[in-house]
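Novice: The structure is given below, and queries will be raised subsequently.
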Amino acid sequence: MINVLVIGNGMVGYKFCEKLVSKAPGAFKITVFGEEPSPAYDRVHLSEYFAHKSVEPLLMAPRQWYEENAIELITSEMVVGINREAKSITTHKGRTFNYDKLVLATGSTPFVPPIEGSNKSGVFVYRTVEDLDAMETYSKNAKTSAVLGGGLLGLEAAKAAMDMGLEAHVIEFAPRLMPRQLDEAGSNMLQSTLESMGLHIHLSKSTASIDGDEAMTSVTFTDGTPLEAEMLIISCGIRPRDELANESGLEKGERGGIKINESALTSDSDIYAIGEVASYKGMTYGLVAPGYDMATVAVEHLTGADTKGFAGADMSTKLKLIGVDVASFGDALDEGNQYKSIVFEDKNAGIYKRVNISKDGKKLMGGILVGDASNYNMLFQMMLNGMALPPHPEDLVIDTSRQGSSAGNTVDMLPEGAQICSCENVTKGALVQAIEGDGVEQFAALKTCTKAGTGCGACSPMVNDILTATLKKMGKKVRKVLCEHFDYTRQELFDLVKLNNIHSFDQLINDYGKGHGCETCKPAVASILASAWNGLILKQDTIQDTNDRFLANIQKGGTYSVIPRIPGGEITPEKLIIIGEVAKKYDLYAKITGGQRIDLLGARIDQLPDIWEELVDAGFESGHAYGKALRTVKSCVGSSWCRYGLHDSVSFAIRIEERYKGLRAPHKIKSAVSGCRRECAEALSKDFGIIATEKGWNLYVGGNGGANPQHAVLLAGDIDEETCIAYIDRFLMFYIKTAEPLNRTATWMNKLAGGLDYLKQVVVEDSLGMGKQLEAEMQLLVEAYACEWKEVVNNPALRARFKHFVNSPEADPSLKFDKQRAQKVPAGW
Amino acid sequence: MTANQHTSQTLTDTVNWHLAARVEDFPENGGACVYVEGKQIAVFNFSARNEWYACQNMCPHKQQMILSRGMIGSQAEEPKVACPFHKKTFSLLTGKSLNGDTCDIDTYPIRVEEGVVYIGLS
């Protein structure tokens, strides 16, 4: 067996091992030396170490992985010498190991510039988990910090400092941030976003000295100005750790690093060098992707496999810095002034995009994205593959997805291989094949023959969109009628209900439908009736989906969950205790929901009215967690408590939740209010989200989590509370009246002809002249609100419906529970 | 009210009739569960068609005692019930799985006399 020693257990060293054992399992005896105590971890996400307080989530693989693959992992031991003639290495503990093949993956060390005072305590480098531990310990007695270096890693370090609760300053020698990746405008955009998050940035500053007695207290710039800081984190680039090459006589690159050829071989044909320590054609690479490429090439060479060889690397990069997307690819800066640029800048949303195209206008050469890098992958592929530019290259930097020129636009753009149904692993191609090839035209038939949408059902609306789009392409006329019982679209039915003052399913199907309804049209009509009149839904309980019929979410085993409304996520200790007491009394499993409230699971159907009686008596109302209705309005703590808060987000969230509670819609609606643009309430992932600005509130709409996440987009900026509520009234009513069944606001907006521009015209500019009408319709619903659970609790006839058997007081004898972490859970199905 | 007898059993079986509950115990155009002879049986009052149906309460997809809480409707002329969990649908006439991806279910004869609902078990 060939004996391979790997020196260095960083990300690249690990990747080499992973590739080698998968390519040639059992053919090599592998020993890895790491001088850090921990196995290889993900340095790229080092700043997340603070969030986890543990290195475990960052590990590339646990120690067990090395054992399972028969790799000997020796940590906390540094290799100090190579004897190339004897083909052996020695460690600092004096141990000697022989090798057939040696792999140097020693990485790099941070470069510490020669500044007076850099040996004082409080000065750190940002490189390893140990560095971070030392910084964190030190930070407990510090309030201010500075980071030397405004590059990628420096900004990461600044985030780590902010996470430690420190005031953070970034000092950059160049006149802009990330000077190797960003141009001035991109840097300015990044800077203003980072500054709004509380980071202090000092550009064109060179540090002359680090001042203080034993511990530093400030730094002084060469222009004589001081900056107070009790800690300084140095992030001024890296130096390859090539000292092993010096004494063993391996050839080095012109600017340091161990020289390698395209097979990652050094000047010794039994020694490879990979990662940051390697120098290829005079270049060293401080990014992980080129290191991985070298690891791949080395493994291919070692195993005698076909190889493309290493040919240098693209320095394109995409990352999230303190929550801001930043990407730079290809020739981003165009310093040679050889290309034409197209620039898009939106200071309101903090977005800057630039693409450089060839002078003949045919090829994409590089670009910069700040604030929104969602189309980085597409642009990067376009550049790499030399793909032809679209007819209007400006589309590359302008978000066209919301302009929705044709319905079904979004599904059209999906590649054939896109997985639509993840439960049954059905691709778009398979659906299209069933429609085009097998002539399937009905939604139900498409589900039956492809199995798409038969698992959890979450993909059903998208399956339906693909059906519609494909039929349209085939030249078939498509009207999205509800089902076999109603030859109308949801929007048409909504209008019929309003115009003819229809209040029941029976009347609607008698007058406008045929047959006896089904599980598609009954809940859809129930939703329309609720959105039109907001009457008590239990007056027609058998047309409601089971969750609405029993005002609770059905769970495995047939029990239900109980979620009382907690507006804005604000709750008194007294009310918390009541929830706890109810949970204890009825032995319910308790969990905090994603929407800042409390879910009590495992309630039997007969227990629901009793549980709710206690909750209603204590002042709780239904949370409508079971309905296609307004769910929660999350909030951050806002300006009452938060030192960054601009306005009182909690009070506004509560006001909004109280206004729209119980509002039923084609699908569920979620909202959130954040008190500043740090956005702790995650408002951009909501159907409508509100973020405080210096001057008022920004209203964003059409956000979505779930299977197809997308950010909400700005509908109106810097508006006051009353205007905000008027716009939300109009937006929601317009959505409720025109959306298809089970389409969230995001899906609806993506399909809306005219897209965001049209929506702005209708809601903000009132181009249809129906603004006041929409507001009045909403006001009607708000005034008609009554808590459904309160009505059930106080109505014996309604209460009597909540039981498992109508001929016996017994509970369902088939209910079975297990225990998990001291709480009950249903026995698995 | 007319008595309907829908059954997938052969006529040679002897049917014993068991009292289930009263008519008003069942919602119009909906169902409820009765406990008869140790069996959980879903009973549906399909008032739009002036018909009654009975079937097993267990949905064969995930073996849940739930079909009585399902929504009823029609597919062409066939009366059906949809399971609340994943909307698997079954014919109320024959018990046949209409999605074709689960087992069929048992149906039972049912009759209504003087406001009382009876289920036939063999």
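Chain order of the listed sequences is A and S. Sequential numbering of the first sequence, starting at 287, is according to our numbering. Sequential numbering of the second sequence, starting at 110, is according to our numbering. C-beta: ideal position from N, C-alpha, C; glycine also.
When we look at the beta-carbon of Gly835 of chain A and count the other beta-carbons within 10 Å, is it buried (16 or more) or exposed?
Specialist: According to the sequence as given, residue 835 of chain A is Arg; it is not Gly. By the neighbour-count rule (16 or more Cβ atoms within 10 Å), Arg835 of chain A is buried.
Novice: Please confirm whether Cys192 of chain S and Cys212 of chain S have their CB atoms less than 8 Å apart.
Specialist: No. Outside cutoff.
Novice: Taking 8 Å as the threshold (C-beta atoms), are Val124 of chain S and Ser231 of chain S in contact?
Specialist: Yes, Cβ-Cβ distance for Ser231 of chain S and Val124 of chain S is below 8 Å.
Novice: How is Gln149 of chain S classed by DSSP in three states: helix, strand or coil?
Specialist: If DSSP states are grouped into helix, strand and coil, Gln149 of chain S belongs with the strands.
Novice: Can you tell me which of the three DSSP states Ile706 of chain A falls into?
Specialist: Strand at Ile706 of chain A.
Novice: How about Lys808 of chain A and Ile829 of chain A: do their beta carbons lie closer than 8 Å?
Specialist: In this structure, Ile829 of chain A lies closer than 8 Å to Lys808 of chain A by Cβ.
Novice: For the candidate residues A:Pro895, A:Val718, A:Tyr946, whose alpha-carbon lies nearest to that of Pro1082 of chain A?
Specialist: For Pro1082 of chain A, the nearest C-alpha among the options comes from A:Pro895.
Novice: Can you tell me the Cα-Cα spacing of Ile891 of chain A and Trp1115 of chain A, whole angstroms?
Specialist: Approximately 19 Å between the Cα atoms of the pair.
Novice: Quick check on Phe194 of chain S - is its C-beta less than 8 Å from some C-beta in chain A?
Specialist: It does: the Cβ of Phe194 of chain S has a partner Cβ on chain A nearer than 8 Å.
Novice: Note down, in chain order, all residues in the region 1087-1100 of chain A with a beta-carbon under 9 Å from any beta-carbon belonging to chain S.
Specialist: Residues Arg1087, Lys1089, His1090, Phe1091, Val1092, Asn1093, Ser1094, Glu1096, Asp1098, Pro1099, Ser1100.
Novice: Could you list which residues in chain S have their beta carbon closer than 7 Å to that of Lys808 of chain A, in chain order?
Specialist: The contacting residues are Met180, Gly182.
Novice: Starting from Ala1062 of chain A, trace the alpha helix (DSSP H) in both directions and tell me its first and last residue.
Specialist: Per DSSP, Ala1062 of chain A belongs to the alpha helix (DSSP H) from 1057-1070.
Novice: Could you tell me which chain A residues have their CB closer than 9 Å to the CB of Lys205 of chain S, listed as they occur along the chain?
Specialist: Result: empty, since nearest Cβ-Cβ is about 13 Å, beyond 9 Å.
Novice: Return the residues of the region 124-138 of chain S that lie within a Cβ-Cβ distance of less than 9 Å from chain A, sorted by chain order.
Specialist: Listed by position along the chain: Leu128, Ala129, Ala130, Arg131, Asp134, Phe135, Pro136, Glu137, Asn138.
Novice: Which residue wins for smallest C-alpha separation from Phe459 of chain A, given the options A:Gly440, A:Leu476, A:Thr552, A:Val641?
Specialist: Nearest option by C-alpha distance: A:Gly440.
Novice: Please confirm whether Glu602 of chain A and Ile519 of chain A have their CB atoms less than 8 Å apart.
Specialist: The question names Glu, but residue 602 of chain A is Ser in the sequence shown. No.
Novice: Identify, in the order they occur along the chain, each residue of the same chain with its Cβ nearer than 7 Å to the Cβ of Leu619 of chain A, setting aside the five sequence neighbours on each side.
Specialist: Around Leu619 of chain A: Asp469.
Novice: Which residues in the same chain as Lys429 of chain A place their Cβ atom closer than 7 Å to its Cβ, once the five residues preceding and following it in sequence are excluded?
Specialist: Answer for Lys429 of chain A: Leu452, Glu453, Glu516, listed in chain order.
Novice: Exposed or buried, which one is Glu533 of chain A when buried takes at least 16 other CB atoms within 10 Å?
Specialist: Exposed, since its Cβ has fewer than 16 Cβ neighbours within 10 Å.
Novice: For the alpha helix (DSSP H) containing Ser340 of chain A, name the first residue and the last one.
Specialist: Run containing Ser340 of chain A: none; DSSP gives neither H nor E here.
Novice: Do Ser971 of chain A and Asn990 of chain A have their beta-carbon atoms positioned less than 8 Å apart in this structure?
Specialist: Result yes, Cβ atoms of Asn990 of chain A and Ser971 of chain A sit closer than 8 Å.
Novice: Measuring CB to CB, does Val366 of chain A end up less than 8 Å from Thr382 of chain A?
Specialist: For Val366 of chain A and Thr382 of chain A, no; Cβs fall outside 8 Å.
Novice: Can you tell which of A:Asn355, A:Leu388, A:Gly380, A:Glu363 has the C-alpha that lies nearest to the C-alpha of Glu371 of chain A?
Specialist: Closest option to Glu371 of chain A, Cα to Cα, is A:Leu388.
Novice: Quick one: which residues of the region 145-174 of chain S get their C-beta closer than 7 Å to a C-beta of chain A? List them in chain order.
Specialist: Those residues of the region 145-174 of chain S that come within reach of chain A (Cβ to Cβ, closer than 7 Å) are Ala157, Arg158, Lys171, Gln172, Gln173, Met174.
Novice: Using DSSP with H/G/I as helix, E/B as strand and the rest coil, what is Val783 of chain A?
Specialist: The answer is helix: DSSP assigns Val783 of chain A an H, G or I state.
Novice: If I follow the unbroken alpha helix (DSSP H) through Phe791 of chain A, where does it start and stop?
Specialist: Phe791 of chain A -> alpha helix (DSSP H) spans 791-798.
Novice: Closer than 8 Å is the cut-off here; do at least three beta carbon pairs connect the region 348-363 of chain A with the region 313-321 of chain A?
Specialist: Yes: the two stretches touch, three or more of their Cβ pairs being nearer than 8 Å.
Novice: Smallest Cα separation from Leu418 of chain A: which of A:Glu537, A:Met450, A:Ala310?
Specialist: Considering only alpha carbons, the answer is A:Met450.
Novice: Please state whether DSSP places Asp620 of chain A in a helix, a strand or coil.
Specialist: Coil, per DSSP.
Novice: Quick check on the burial criterion: 16 or more other C-beta atoms within 10 angstroms. Buried or exposed for Ala584 of chain A?
Specialist: So Ala584 of chain A ends up on the buried side.
Novice: Let me know if Met651 of chain A comes out buried or exposed under the rule of 16 or more other beta-carbons within 10 Å of its beta-carbon.
Specialist: The residue in question, Met651 of chain A, is buried, as its Cβ has 16 or more Cβ neighbours within 10 Å.
Novice: Any idea if Trp927 of chain A is buried or exposed, counting beta-carbon neighbours within 10 angstroms, 16 or more meaning buried?
Specialist: That one is exposed.
Novice: Taking a contact to mean a Cβ-Cβ separation below 8 Å, would you say Tyr300 of chain A touches Met346 of chain A in this structure?
Specialist: Their beta carbons are under 8 Å apart, which means Tyr300 of chain A touches Met346 of chain A by this criterion.
Novice: Just grab the DSSP bridge partners of His486 of chain A for me.
Specialist: In DSSP, His486 of chain A forms a bridge with A:His455.
Novice: Would Thr511 of chain A be called buried (16 or more neighbouring beta carbons within 10 Å of its own) or exposed?
Specialist: When all chains shown are included, Thr511 of chain A counts as exposed.
Novice: Go through the region 313-388 of chain A residue by residue and report every complete run of the beta strand (DSSP E) that reaches 3 residues or more, in order.
Specialist: For the region 313-388 of chain A, whole beta strand (DSSP E) runs of length 3 or above, ordered along the chain, are 314-320, 357-361, 365-369, 374-377, 382-384.
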